[in-house]
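Some notes on the structure that comes next.
2 protein chains.
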Amino acid sequence: MVYSVIGTGGVGGYYGASLARAGKEVHFLFHKDYAYVREHGLQVNSWRGNFRLDAPNAYASTSDMPRSDVVIVALKSVNNPLLRELLPPLLKSDTLVVLIENGIGVEAQVQAMFPELRLAAGLAFICSAKTRPGIIDHQDLGHISIAAYTEGAQERAEAVVRDFVDAGIRAVSAEYLEARWKKQVWNMPFNGMTVALNTSTDALLAHPATAALIREQMLEVIAAARALGVERIDESFADKMLEMTLSMKPYAPSMKLDHDFGRPMEIGAIYTEALRQAREAGCPMHKLEMLEAELRFIEANRTSP
Amino acid sequence: MVYSVIGTGGVGGYYGASLARAGKEVHFLFHKDYAYVREHGLQVNSWRGNFRLDAPNAYASTSDMPRSDVVIVALKSVNNPLLRELLPPLLKSDTLVVLIENGIGVEAQVQAMFPELRLAAGLAFICSAKTRPGIIDHQDLGHISIAAYTEGAQERAEAVVRDFVDAGIRAVSAEYLEARWKKQVWNMPFNGMTVALNTSTDALLAHPATAALIREQMLEVIAAARALGVERIDESFADKMLEMTLSMKPYAPSMKLDHDFGRPMEIGAIYTEALRQAREAGCPMHKLEMLEAELRFIEANRTSP
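Protein chains in written order, with our numbering: chain F, 798 to 1102; chain H, 798 to 1102.
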């Protein structure tokens, strides 16, 4: 299978480079660091072992890239409107697009642009960021769930899981709604709270008041997920996520980095649509509604970094 | 009636000085600015007209003050433990102590120290602060509700209301539980949110997300108050408080000033006890619970100013 990666950042770059290292054919779209990567290659500094691709298939435009069997899209959700132009040169009739993005509603958004497109969701539990041009800093974790979204996408999604596993990644097939909402259980509390209180995951869990608050926010997500039809989730999943976080190195989630660097925050994908669906299902997430309001205020009132 | 004021700050100083200007006998306890006031008097810069007391009855210790018919206590609630030592020299058998303080549970706290004491609550809607030694800066509003707490305090509380009115203050008698919780409708959202988002009341109401949040938090307080037996309050009171706030000059509530100057915040009196009572009454205030947790985190993690 031919892979393409749109959004070669901390997440897309790590998974794509891992596939390439394992011998898969992977083509990478670069933006600002295209020239750097052409000259110096792509370096992955990973807690699981550093490696580098000396001469990755690097491109500055998708129109130069080959049509692909699998397109890994690892953009920020706020940049999804770019897909209207970026995707068509890569598509075959049976291409599977795997959206490794945060939030609720992102597949529906892309499906609305491309009604015939086969889509899957990639739910990555990974601490990774591109901190300098051409250098990916993979700090912790790395497992990913892949879930078919479109009917008919199942078979290829499973093939992708096998390729990921071959590449040494802990990947599993998952049920779409369950996987998306399970990711939200971590994302909704930690992304916003690290911004709202200008702190890190470990500091939030170190104070009893915010540790309790984070858990209550997780329970709000779990209750909403159940109201929306996710059956295989209960309170124990919150404790699992808290344990996972306690075992992680102190970490600034993507929204915290976005905020610190003055980039748009993914408030819409991580909060707005999820809160709307939960309220519609009769299970409003009160504390996370408050968090969304705080984030909207913070984004509107921040000065440039 | 002989008045004493413990806590001659922006609030206690304004009301006490107004009574003194109207010819009442008022004795003031000063702390840091005792020497300054002895030399320079007490200046009140008020939007209703400036005035000064050239030679107020100023003291550095309550043991030098006369026993009083009415003691106005306008301390921060966090300093209430000081009353154990400060109050006894001022007390007669029928002294009324008027607690002009924020929060829920403050009268019960003082009553526990002095089981025989007659207590009333003073609920001040006033923007006033002592910004420099001996100078009170009264920026806006000024009305006050006075509510008997102890049985047998009613008559003297009404006499105090009459004296306040004589002194040109908009004062009314009120029912205790109703008055305390009505004050909370303003205090709980604005005190904490200006700290949590490091902003002012007008900025919070200028953004649609936080304006909606503030109103929802007010409705949480109103629902809790009703669950606790306050009958004469409904959603329209939130709109009244919002209108009042919109008409005010941009304002930093007392908790914001406390935070900015590195002083303890009144989290216990304004949040903890109120949240506990609401939850016990089966009407938890979800968003305000979150706010309390944020404030606890902020207080624990702040560095000295």
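By construction, the Cβ of each residue, glycine as well, lies at the ideal position given by its N, Cα and C atoms.
#### Entry: Proximal chain H residues relative to residue 1006 of chain F, where beta-carbon distance stays under 9 Å
Here the neighbours are 1089, 1090, 1091, 1092, 1093, 1094 and 1097.
### Task
Could you tell me whether any Cβ in chain H is nearer than 9 Å to the Cβ of residue 996 of chain F?
At least one chain H Cβ lies under 9 Å of residue 996 of chain F.
### Task
Below 8 Å between beta carbons is the criterion; list the residues of the region 971-996 of chain F that meet it against any residue of chain H, in chain order.
Those would be 993, 994 and 996, in chain order.
### Query
Roughly how many angstroms separate the alpha carbons of residue 885 of chain F and residue 829 of chain F, rounded to a whole number?
If I take the Cα positions, the gap works out to 21 Å.
### Query
CB-CB under 6 Å to residue 1068 of chain H, same chain, minus the five flanking residues each way: which ones, in chain order?
Within the same chain, Cβ atoms closer than 6 Å to the Cβ of residue 1068 of chain H are found at 1089, the five residues on either side in sequence being excluded.
### Task
Could you check the C-alpha separation between residue 964 of chain H and residue 801 of chain H for me, to the nearest Å?
Rounded to the nearest angstrom, the two C-alpha atoms are 16 Å apart.
#### Entry: Other residues of its chain near residue 823 of chain H: CB distance less than 7 Å, five sequence neighbours each side excluded
Counting only Cβ-Cβ distances below 7 Å, and skipping sequence neighbours, we find 800, 802, 813, 816, 817 and 854.
### Task
Measure the CB-CB distance between residue 1061 of chain H and residue 1018 of chain H and report whether it falls below 9 Å.
Going by C-beta atoms, residue 1061 of chain H is not nearer than 9 Å to residue 1018 of chain H.
### Message
For residue 810 of chain H and residue 1080 of chain H, what's the separation of their Cα atoms in angstroms?
### Response
About 37 Å.
### Task
Starting from residue 840 of chain H, follow its DSSP beta bridges and name the residues at the other end.
Note: residue 840 of chain H sits in a beta bridge opposite H:849 and H:932.
### Task
Give a yes or no on whether the minimum CB-CB distance between residue 1022 of chain H and chain F is below 9 Å.
False, the Cβ-Cβ gap to chain F never drops below 9 Å.
### Task
Helix, strand or coil for residue 913 of chain F, going by three-state DSSP, please let me know.
DSSP places residue 913 of chain F outside both helix and strand once states are collapsed to three, so it counts as coil.
### Task
Starting from residue 1056 of chain F, find everything on chain H with Cβ-Cβ shorter than 8 Å and list it in chain order.
The premise fails here: residue 1056 of chain F is roughly 13 Å from chain H at the closest Cβ pair, so nothing lies under 8 Å.
#### Entry: Pick from H:934, H:860, H:880 and H:927 that is closest to residue 914 of chain H, judged by C-alpha positions
Among H:934, H:860, H:880 and H:927, the Cα nearest to that of residue 914 of chain H is on H:880.
### Task
Report the neighbours of residue 1103 of chain H on chain F: residues whose CB is nearer than 7 Å to its CB, in chain order.
Since the first residue shown for chain H is 798 and the last is 1102, residue 1103 of chain H is missing from the structure and cannot be characterised.
#### Entry: Chain-ordered neighbours of residue 1084 of chain F on chain H, where CB pairs are closer than 8 Å
By Cβ distance, chain H contributes 1083, 1084, 1086 and 1087.
### Query
Would you say residue 1013 of chain F faces chain H, with C-beta separation under 9 Å as the test?
Contacts with chain H at 9 Å (Cβ-Cβ) include residue 1013 of chain F.
### Task
Could you name the residues of the same chain whose beta carbon sits closer than 6 Å to that of residue 1050 of chain F, not counting the 5 residues immediately before and after it, in chain order?
Its chain contains 987, 988 and 991 as the residues whose beta carbon lies nearer than 6 Å to that of residue 1050 of chain F, once the 5 sequence neighbours on both sides are disregarded; these appear in chain order.
### Message
Distance cutoff 9 Å, beta carbons only. Does residue 1000 of chain H sit that close to anything in chain F?
### Response
Judged by the 9 Å Cβ criterion, residue 1000 of chain H is in contact with chain F.
### Query
the region 909-921 of chain F: which residues have C-beta closer than 7 Å to a C-beta of chain H, in chain order?
Under the 7 Å Cβ criterion, the region 909-921 of chain F contributes no residue.
### Query
If the cut is a Cβ gap below 7 Å, which residues of chain H does residue 1010 of chain F touch?
Taking the beta carbon of residue 1010 of chain F as reference, the chain H residues within 7 Å of it are 1087 and 1090, listed in sequence order.
### Message
If you reduce the DSSP assignment to three classes, tell me which class residue 831 of chain H lands in.
### Response
In the structure shown, residue 831 of chain H sits in a helix (DSSP, three-state: H, G or I).
### Task
Within its chain, find whatever has a CB closer than 8 Å to the CB of residue 1032 of chain F; leave out the 5 residues flanking it on each side and keep chain order.
Excluding residues within five positions, the ones whose Cβ falls inside 8 Å are 1016 and 1019.
### Task
Determine the contact status of residue 903 of chain H and residue 917 of chain H, defining contact as a CB-CB distance below 9 Å.
The answer is no: Cβ separation not under 9 Å.
### Message
Taking 7 Å as the limit between beta carbons, can you name the residues of its chain near residue 997 of chain H, skipping five residues before and five after?
### Response
Same-chain partners within the cutoff: 991, 1047, 1048 and 1049.
### CB contact flag (residue 979 of chain F, residue 920 of chain F, <9 Å)
Contact flag set, yes.
### Message
Between which residues of its own chain and residue 833 of chain H is the CB-CB distance below 6 Å, once the five residues before and five after are set aside?
### Response
Answer for residue 833 of chain H: 930 and 931, listed in chain order.
### Query
Helix or strand or just coil, what does DSSP make of residue 1025 of chain H?
Looking at residue 1025 of chain H - three-state DSSP - the assignment turns out to be coil, as it is neither helix nor strand.
### Query
When the distance is taken between beta carbons, is residue 867 of chain H closer than 9 Å to residue 957 of chain H?
Their beta carbons are under 9 Å apart, which means residue 957 of chain H touches residue 867 of chain H by this criterion.
### Query
Are there 16 or more other CB atoms within 10 angstroms of the CB of residue 1058 of chain F, so buried, or fewer, so exposed?
Flag for residue 1058 of chain F reads exposed.
### Task
Go to residue 1058 of chain H, then tell me how far its alpha helix (DSSP H) extends in each direction, as first and last residue.
In the DSSP assignment, residue 1058 of chain H falls outside any alpha helix (DSSP H) and carries neither an H nor an E.
### Query
Touching or not, the region 1070-1079 of chain F and the region 1090-1101 of chain F, by the rule of three or more beta carbon pairs under 8 Å?
Touching, no.
### Query
Taking the Cβ atom as the reference point for each residue, do residue 970 of chain F and residue 943 of chain F lie within a distance shorter than 9 Å?
Here residue 970 of chain F is near residue 943 of chain F, since their CB atoms are less than 9 Å apart.
### Task
Give me the Cα-Cα distance between residue 807 of chain H and residue 1043 of chain F, rounded to the nearest whole angstrom.
So the alpha carbons of these two residues sit roughly 45 Å apart.
### Message
In whole angstroms, give me the CA-to-CA distance for residue 858 of chain H and residue 882 of chain H.
### Response
Rounded to the nearest angstrom, the two C-alpha atoms are 10 Å apart.
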